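Oh and the sequence shown: position 31 is 24 in this note's numbering, straight run, nothing missing. This report concerns only the one structure given below.
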Amino acid sequence: MCQACHGSDGSNEFSSIPNLKWQNQQYMVQQLQQFKSGQRQDKTMSKVAKLLSTEQMESMASYFSKGEEK
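In structure tokens, the structure reads:
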């Protein structure tokens, strides 16, 4: 789901889309929770976050924070 915009390892070539590679894990989970609750707004991310469980958010954040490639 995330890879379509953010890239398979969290880095991408679009300046309008944040890089997730090596981003702080807790920060990513917090931001996703804010998108899900409506505290933070973005047309795409608000929709995506509503589809994710907390467990999925934590798993995704863990993966991207390590900066590993699949």
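Glycine included, every Cβ here is placed at the ideal spot set by N, Cα and C. The structure presented is a predicted model; accordingly, all values stated were derived computationally and were not measured.
Any chain C beta carbon closer than 8 Å to glutamine 27: Within the model displayed, chain C is absent; a lone protein chain is all it includes.
Helix, strand or coil at isoleucine 48 [DSSP, three-state]: It is glutamate, not isoleucine, that sits at residue 48 in the sequence shown. Glutamate 48 falls in the helix class under three-state DSSP.
Distance CB(asparagine 17)-CB(serine 58) smaller than 8 Å: A contact, by the Cβ cut-off of 8 Å.
CB of glycine 31 within 8 Å of CB of lysine 14, strictly: Not closer than 8 Å, so no.
Three-state secondary structure (DSSP) of methionine 68: Look at the range of the chain in this structure, -6 to 63, and you will see that residue 68 is not part of it.
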